[in-house]
Each structure stands twice: as C-alpha cells, then as structure tokens.
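Chains as they are written, first to last, in the working numbering: chain A, 1 to 342; chain B, 1001 to 1158; chain C, 2001 to 2455. Input: a single structure, listed below in structure tokens.
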Amino acid sequence: MAKLRGTGIAAVNYPTGMNLGGDPSQALIHATTTGTFVISLSSTDLGQGLKTVIAQIGAETLGVPFENVLIDTADTDTGPHCMGTFASRATHRVGNAVIMAAKEARKAMLEVAAEELEVSPDDLDTDGKGNIFVKGSPERKIDITSLALAAHFKYGRTISGRGMYIKPKSPVDPETGKMDPDSTEAHACVVAEVEVDTETGEVTVISLKSAYEVGRQVNPALVHGQIVGGAFMGMSHALYETTAPYYPSPDHAPGSFSEYIIPGPHELPHIESVVLEYPSVNGPYGVKGVGEMTANAPIPAIVNAVSNAIGVRLTEYPITPEKILRALEKSPKVKQLAENRS
Amino acid sequence: MPSRIVAFNLNGRDVEVMVKPLTTLQTVLREHLHLTATKSGCRQGGCGTCTVLVNGEPMLSCLLPVEDIAGQKVVTLEGITPIEGLHPIQQAFFDNYAIQCGYCSPGVIMVIKALLDRNPNPTRQEIMDAIAGNVCRCTGYEPILRAAEDAARRLQSA
Amino acid sequence: MSEVASEVIREMKREFKVVGKSVPRRDGIGHVTGKTVYVDDISFPGMLHLKMVRSPIHHGIIRNVDFSEAEKVPGFVRVLTHRDVPKNIYTILCLIGVGPDEEPVLAVDRVLYKGEPIAAIVAETEEAAMEAVSRVKLDLEELPAVFDVEEALKPDAPILKPWGTNYFIYEGHHCRRVRFGDVEKGFAQADYIIEEVYNTSPIEHAPTETTACVAKPEPDGRYTVYTNTQALFFTMDNTALILQVPFSKLHFVGGTVGGGFGGKVDVITEPIATLAAMKTGRPVKFKYTREEEMRVSSTRSAWRMYFKDGVMKDGRIIARKVISYADSGAYNRHTPYAVTKHAANIAGPYTIPNVYIDAYCVYTNRQPASAMRGFGVTPASFAVECQMDKIAETIGMDPWEIRFINAYRNGDMRPHQKVVEDATLIEVMKAAAELVGHKLPEHLLKMHSWDREKA
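Here you go:
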C-alpha cells in the first residue's frame, strides 16, 4: 500500500450569457415620497446574492446610500421581464438594465434638486450618503427625503427610470457554426494537489488553489462564496457524483442522499484563490460573470492531478475508487513500488 | 387508527396536538403549527434540513413520530431567534457569509447550537463531525466551519 | 474608440462607493432565522396535493390505465390525463423558435423513460395522493430500450422521435457543425496526431429544496402560481401556452430558490398544478419528493467526446477534429442549446487555426437531461484540459508551457468566428503559478493577452 501524490492544472474560459432568441432583462426604478428607491424586477436569486449585488449597482448609479435601495422581485404583475437566472447572465444583464434605469431616475432627481437649489442640474453631484450638493460648494445641498417630498408634493414630478439590456439574437450559421453566442469571457486557472491511496483507490484532494478573472467584482465576499462553493461542487463532480454509476446502464439510479454520493465537510480541501479584475467593456461597471465557471475548472484539474499521481491518464469523471483501482493495474508507478518491495 | 392528543414542550411553551399515529414531528411543526423554519429537504433522514433539538440533542424531525417525544422539550430555530437581533450563532453565520440559498441554514444552525451547548470550544474536526449529516449544496462548507468557530468565540466572550 | 467604450472606461476608473464592497447579504437575516419563505412553506386553507403516476419501465406502449381502485381512496379528488391538457405536447424552448414540440406533459400512448408522468392525481392530502397513485393499475407493453448515445444512432436502434431519428436536427443537419480552416490540411502538416475519447456522467443538481409550486385560484378569475423556478416569465409563458389560456390569466410569484444550479428551468410542475387548480377550483401544491428529484428531474447530460488533434513539435495545436455526443435522455429540454454552446467552446481558451466539430444531441431512454451549472461548456472544459495534459506528455513539454503557447489573445479568431476581446487566460495562469509557488520561465512571464509577442 502506498499514497501517491500528484498535481494537476486546468485553465478555462467561461462565456457570459446566451443569445438564443435574444437575451433581455429589464428593470424599473421609482422613488417613494420619502426617497426610498424601489428597483422592480422579475429576477430570481438562487443564493448567489443577486438581490444584494443589484442593490449595490443601483445605489452606485443613483448615487444614494445602499440602505435607500430596495429590491422588489420576483412578481410578474409588478416586475418587468427577465429571462431568468442561468448562463452566468443575471448580474451582467440585470445589472446593465438597472444602470440604465438608475441613470434616468438620477437625471430626474438632479432636475428636481436643481430647481430646489436654483442651479443647473449639471452643477450637481451626489455624495452617496443621501445628499445632493452643488459641486464646489458642498454646504449647498438637499437631502433625498426632502427632495423626494418636494418632487411629489411641490413639483408633481416622478423620480423614476426604465432600463433594458439585450444581447441581440445571433443566428448560428448551420454550415460553419459561425455565431456570437455570448457577451464576454471570464477566465480561471486551478491547480489541484491530490493524494491517491493505492490500496482503496480513494482520492484525497489536498488543495485547490486558483486564480480567477471575473471583470469587476461587485461584492468580493459573494464572489469568494462562488469560488469556494464551486470548487467543492467541482471536486464532487470529479470524484463522486453520478446518477448512472455504470453508465450507460440505467441501473442503480440513486433515490436519496444516502445513495447519491456527495462529499461532506470532512472532504473539504484547502481552498485558496486570488481574483484579478480586468473589467469587460459591456458588463455593468465591467462585470463578467462567476456563477457557473467555478465548478468547471476544478474537474479537469483534479482528474489531471490523479493521472499525474498514478501515471495513468484518466479520461472520464467521476473517477470513483473502482475506476482508480482498475487504472492502478496499469500503473507503472504501482508496478515499480511492487518491484521495489520484492 | 384514530388520532390522539400528544403534549410536549415547544420552545418553552406547552403544546398539544391531535395527530394520527406515526405523524412526524416535522409534519406537526410545519403543517399543524405553521412553524416553517424547520425545512423539508428529503423526508428520508438524508439532508439534515429538518434538524431540531429534542432535550438538547439534534434530531431529524422527518423521521421522528411525534408520539415518541411526548412530554419532552423540543427547540426549533424559531425558539432560539430573539425578537430583535440575532442569536450569536445566527450572527456568526450572517457575518461569515455562511449562507447562500439558505435552505440548509436552519438545520445547520440547530446542529451547531447543540454542539456548542455541550462543547463550547470545539475543534474543527468536532465541528465537521457534527455537521456531517447536513447537506449544503452551495457553500462548500468552508464558510460554515468558519462561522461555527466564530460563534464559539462569540458565545465564550459573551 | 466608440462613445460607448470611452464612457465605459471613464466608469471603470471612477471611485466606487458601494460597488466593490463586501456589503452583507440582503436576504441573510431571513435565511439565518428561517423566516425566508420558500415555496414549500406556502400553504392555503383547502389546499390540495398533486402526485404523478409514473412509468415503471424505460420504454413501452401504454395499453390501459385503470384508476378505479385509486378513486376509492379516501381523500381522492380527481385524476388528470393527457386528455385534460389543452396543448399536451410542448418543447420548452418553443418561445424562442426551437422545435418541433415533442414532450408530453402527460404521456399519451407511449413512455420513453422510467419515471415519465402518465397521469396526475389530486387529493386532499399528500398521503392520500400517494396512496391513490400506488393503486393505479398500468397495463404497459415493454419495448426495447436504448441507453448509449452511439447505440442510439445505429440503424437497428429503436426510434424514439416522431420525425424518425434519435438526434435533434439543426437546420437540416444531423448535428451542430463548426467548420473553420482546413482540418485535414492541418493534420497533414502536424508532427503529432493525438487522439483520445473523453466521457462524462449524468449528474443530479441535488438542490436541498426540491422543485415545487403552489397554484391558487383568485377571486378575479386569475391564478397565482408561487414557484421556485429560476426563470419566472419563461415558466409563466410556457404554462399559458400549454394550458391555452390568455397570458393575463396567470400571475407568477417567486424569486427565492433553495438551490437551482440549472435544475429549476424546466417548467415541470407549474403547468399541471395550474391545470389542477383550474379543474378543482382550489389551491394545489405539487412538490417533488427527494426520490423524484433524484430519479425523474433533469440531470446534467452525459457526454462522449472523440478528440483528434494535430500538434507541432513546438507545442502549437494546428488542427482539432471533435465528434461529441450529448445524451439528452428522452426529450429536448435545454440540451439542443447546450450542444450549440458546447460546439462554440470545444477549442477552449486556445487559438487553433483549423477546427472541425460535429456535436450531436442524441435521444435515449434515460430521464431527460437539461441545463446545469456550466451547461455544454463543462464537458468541453474537462476534455480540453485533459487533452492539453495528454499533448504535453506526448510531445514532452511542461503542462504550463503548452497552455501558454496556445492561449488565445485579444484579436484572435475563435473557431465559431468570433473575435477574442476579453482574454485574460495568460494573466490567470501567471497568477495561479505565483499562488502555488511554481516558477515560470522568463519567456512565459513576458507574455500577455492583449497582443502577441513578435516571433
């Protein structure tokens, strides 16, 4: 029995969004009488944190505090259309729609402030703390509650905005496959270190170290959450998960968490990452996307690391202990170990 | 078989429910008493989302006939949530981003509550052992482990 | 520079007040207190429960279905069959022009996979619905089934689709094609020909919250549907089409999902639950059991990919031919598009001047596959990155160097004829090497993605 160590790398791209039939999302923004800004959507938060990052993007563009922005989603009677949360598209598409809506609402807000402060809207700016002030003389200002009240009850003006973003449809050329299927590309490189038990065929992932480039990070803690959670799911795919353990045979289909094998906290490897930011031209504040790709790169990195450890190239996943034991029968490294012993 | 009345203590309050034999504690909590913090991810005892404390021990409420806990003390996530603010364990989960979709969170928090009640300063290994029965498909467990360690520190310094 | 681009660059450089900050989650308090409302937490007085009668076999003819014993179960309310569904045959992507319709909401006279829904039973309680389902007598004639993508394409395979093939037809072609450069010429020039076949497995999303919805009749004649779909309008519009009701009759509410990963974009519970609410006048809940989520709900598709690469001694990949087969299971769901996305990414983040791809969407008697995190790109990235290591090993080159040499740069042309514009592969490789303490040679450290160093 021996424990063989190996290292593997994988470098990947991941496209943001889709375009099959066009890929649109919309946003509507309005201010209440007291200066709370409601962003109405029909978008879904799967847990990645969409409701949080969209509020950040909205607050940034409006120039108002994060706390003054509410996200109202998802209701088809009140929220305008969104294609949905998939294809690493939500922050990119919905974020762009919110920026467009917020710019229109901001313009209306500054116009009302200009009347109240008796200056041109071009002379005004927001401090992000709830005030609109005259550039160069920050003491001349109005808070957004007073401003919204004035808009409603004095001027009869709405402070609102409409936003829409679409990646237009690009039909695929059936002869050549020419197409424009996405908006931008995020990138990652993952290095996996593994240990293989030659007696049991079990693999321990010691570490997954990665560099990601995702355009702008709207919320670094949430990006980190995707990287760690994705690394774990990628490891799970690489080593454990299948609904057809003897594919293509349909037998032994799991029906519970005791039969469908997903690793638990004991299998958590050391995960470390750095994030680079090269903003994309078409994303909101340069956002690309990070939701899906984090589970992709760890799979080949781990499989390459196991191949490196045992000296036999593996070409499928999941690489279960059974498959590894069969591969070990062909391993020059194991042969060498046996010869050394005898 | 006819229904019968089962009495137990729930979150510090005595309750009585009328149930058919073999009705699970999960069904009583969610459907009879409308306490939905206790989740229902599998009803096979496989995911841990329905974990509650029975006499301080974490139990899977989906496998537990309510007759079996007659007269005993049951605590659900509602029972540890203050009227204002958060329990230190909840605060640690919130601050450490140990939540994504949030569906596993109630079960995980109850397991950590039971662990810290009997072992205020657990090792990482002991935390992993405690939550090994809880499926989290989003976070990769790492933030959950950090949150549990953070919660232990907060409770000890409180 | 365009006006848009210059405005974008101005935005990039500005100081941010909220963007870029790790502010707390908006939904975090609800999650840690258990107060977040998921679909299964919603119930209404008088709510009914729906359960499916499912096929116990992989492929067969439905000769007869007998509900007489099921109807006697206390709490039984009614049964729904394909005759009750106004537009029973549908395809999810019909809204964006993908066709033809091919999946029944409820099976008509044939089942194509084990677990395929045949009838829906609505009852006062979940237990009564399950009990009634167990008493339905199915008379089925089993047919030969096919489970392997290549077996399914053989002439003697049982044919699963009304149009007479076991593959999706892409604008008259039997697969999604990519043709770029001259691959045979590339192979002729190459120093090495490196071939391998890669396989992946079907995988379950396994969200902790199972797929679910509650459909509720409203006083104004509309129906509110509370759902954990990942795509609210998409699901609502498909439901309206299947039920042949005006779109304005439906009102969908969602936005909070206990784990999706692509598994909740299939429009699978909402149409039948809404129909049940229409036929009974009462709220109806349809929640997948964990067993249904595992054995019946869509999976990530299994793929088989045949790679043939022409490589020069200096490490440049000059030609790639790939034949890919996606196992779509019994129906389309989202796999036809996954195959297209796969075809666009089979060169990976590398510049290869001659590429030939045939990517097939193949039907088998397996539970349908659909979207999952990474979609058709996951198998592509897996195969490409394993192949890179195989190439490095074959020609005796370092696995880092082979990736740097072939990395795409801004301005390069990808096989699907899209110009690269946001490349940062070289930058992430340099950062990863630094993170793990791997010393890269000087000539690789000098590279970057925004142009190509002069030879």
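All residues carry an ideal CB built from backbone N, CA and C; glycine is no exception. These numbers come from a predicted model, not from an experiment.
Using 8 Å as the cut-off, can you tell me whether the segment 309-329 of chain A makes contact with the segment 3-12 of chain A, which would need three or more C-beta pairs spanning the two stretches below that distance?
Because the criterion of three Cβ pairs below 8 Å is met, the segment 309-329 of chain A and the segment 3-12 of chain A touch.
Given the structure, does THR1076(B) come close to the ligand MG, in the sense that its CB is under 7 Å from one of the ligand's heavy atoms?
Absence of the ligand MG from the depicted structure is noted, as is the absence of any ligand whatsoever, leaving it without description.
In whole angstroms, what separates the C-alpha of SER2297(C) from that of ALA87(A)?
Rounded to the nearest angstrom, the two C-alpha atoms are 19 Å apart.
With a threshold of 8 Å between beta carbons, is ILE1131(B) in contact with chain A?
It does: the Cβ of ILE1131(B) has a partner Cβ on chain A nearer than 8 Å.
My output table needs one value for THR2424(C): the three-state DSSP class, helix, strand or coil.
Reduced to three states, the DSSP call for THR2424(C) is coil.
Should MET2001(C) be flagged as near chain A, meaning a C-beta pair shorter than 8 Å?
Bear in mind that the predicted position of MET2001(C) carries a pLDDT of just 42, short of 50, making it unreliable; the figure below should be weighed with that in mind. Chain A, which has no Cβ nearer than 8 Å to the Cβ of MET2001(C), makes this no.
Once the 5 residues before and after LEU2153(C) are set aside, which same chain residues still bring their CB inside 7 Å of it?
Cβ within range, chain order: ASN2166, TYR2167 and VAL2362.
Does DSSP classify GLY229(A) as helix, strand or coil?
Note: GLY229(A) maps to helix in three-state DSSP.
Inspect the CB distances between the segment 2214-2226 of chain C and the segment 2187-2200 of chain C and report whether three or more fall short of 8 Å.
The segment 2214-2226 of chain C vs the segment 2187-2200 of chain C: no contact.
Taking 8 Å as the CB-CB limit, is CYS1050(B) close to chain A?
Closer than 8 Å to the CB of CYS1050(B) there is not a single CB belonging to chain A.
DSSP beta-bridge partners for ALA2359(C)?
Its beta-bridge partners are ARG2176(C) and SER2324(C).
Determine whether the Cβ of VAL12(A) lies closer than 8 Å to any Cβ atom of chain B.
No, because no Cβ of chain B sits closer than 8 Å to the Cβ of VAL12(A).
On the three-state DSSP scale, how would you describe PHE2404(C)?
In the structure shown, PHE2404(C) falls within a helical segment according to DSSP collapsed to helix, strand and coil.
Could you work out which residue in VAL2355(C), PHE2234(C) and ALA2129(C) is closest to GLU2069(C) when comparing CA atoms only?
Considering only alpha carbons, the answer is ALA2129(C).
Name the DSSP beta bridge partners of GLN26(A), please?
DSSP output for GLN26(A) lists MET164(A) as bridge partner(s).
Own chain partners of LEU222(A) with C-beta closer than 6 Å, once the 5 adjacent residues on each side are dropped
Contacts found: GLY49.
Less than 8 Å between the CB atoms is what I'm expecting for PRO2283(C) and MET2047(C), so what's the real figure, rounded?
That pair is a contact at about 4 Å.
Which runs of the beta strand (DSSP E) at least 3 residues long sit entirely within the segment 24-94 of chain A? Give them in chain order.
Listed in chain order, the complete beta strand (DSSP E) runs (minimum 3 residues) inside the segment 24-94 of chain A are 37-40 and 69-72.
Tell me which residues of the segment 2033-2065 of chain C have at least one Cβ-Cβ distance to chain B shorter than 8 Å, keeping chain order.
Cβ contacts with chain B come from THR2033, GLY2034, LYS2035, THR2036, VAL2037, TYR2038, ASP2040, ASP2041 and SER2043.
List the whole-angstrom C-beta distance separating THR320(A) from ASN2199(C), where the pair is believed to meet the contact cut-off of C-beta under 8 Å.
13 Å between Cβ atoms; not a contact.
Tell me where the alpha helix (DSSP H) around LYS2460(C) begins and ends.
Outside the shown range of chain C, which is 2001 to 2455, sits residue 2460(C), and nothing can be said about it.
My output table needs one value for GLU267(A): the three-state DSSP class, helix, strand or coil.
In this structure, DSSP gives GLU267(A) a helical state, which the three-state scheme calls helix.
Can you tell me which of MET2413(C), GLY2437(C) and SER2328(C) puts its alpha carbon nearest to the alpha carbon of ASP2148(C)?
Nearest option by C-alpha distance: SER2328(C).
Determine the burial state of SER42(A): buried for a count of at least 16 other Cβ atoms within 10 Å of its Cβ, exposed for fewer.
Flag for SER42(A) reads buried.
Residue from GLU2401(C), GLU2421(C) and LYS2454(C) with nearest C-alpha to TYR2445(C):
Reading off the sequence, residue 2445(C) comes out as Leu, not Tyr. Nearest Cα to LEU2445(C) within the set GLU2401(C), GLU2421(C) and LYS2454(C): GLU2401(C).
Decide yes or no for the touch test of the segment 1114-1123 of chain B against the segment 1096-1106 of chain B: beta carbon pairs closer than 8 Å, at least 3 of them.
Between the segment 1114-1123 of chain B and the segment 1096-1106 of chain B there are fewer than three C-beta pairs closer than 8 Å, too few to call the two in contact.
Among the candidates PRO2336(C), MET2447(C) and ALA2369(C), whose CA atom is the shortest distance from the CA of CYS2175(C)?
Distance check between CYS2175(C) and each of PRO2336(C), MET2447(C) and ALA2369(C) places PRO2336(C) closest, using alpha-carbon atoms only.
Determine the chain F residues that contact GLU316(A) at a beta-carbon separation under 8 Å, and present them in chain order.
The question asks about chain F, but that chain is absent: this structure's protein chains are A, B and C.
Within its chain, find whatever has a CB closer than 6 Å to the CB of PHE2247(C); leave out the 5 residues flanking it on each side and keep chain order.
Excluding sequence neighbours, PHE2247(C) sits near ALA2240.
Can you have a look at LEU1022(B) and say buried or exposed, based on whether 16 or more other CB atoms are within 10 angstroms of its CB?
LEU1022(B) should be labelled exposed.
Under 8 Å between the Cβ atoms of ASN68(A) and THR33(A)?
No.
Under 8 Å between C-beta atoms, does SER307(A) make it to chain C?
For SER307(A), at least one C-beta of chain C is nearer than 8 Å to its own C-beta.
Who does THR1123(B) pair with in a DSSP beta bridge?
For THR1123(B), DSSP records no beta bridge to any residue.
Would you tell me roughly how many angstroms separate the C-alpha atoms of MET2388(C) and LEU1155(B), rounded to the nearest one?
The alpha-carbon atoms of MET2388(C) and LEU1155(B) are separated by roughly 51 Å.
Nearest-angstrom Cα distance between MET2001(C) and PHE2375(C)?
Confidence is the limiting factor: at MET2001(C) the pLDDT is only 42, short of 50, which leaves the residue's position unreliable, though a coordinate-based value still follows. Looking at the two C-alpha atoms, the distance is approximately 34 Å.
Buried or exposed, going by whether 16 or more other CB atoms sit within 10 Å of the CB of SER273(A)?
Buried, by the Cβ-count rule.
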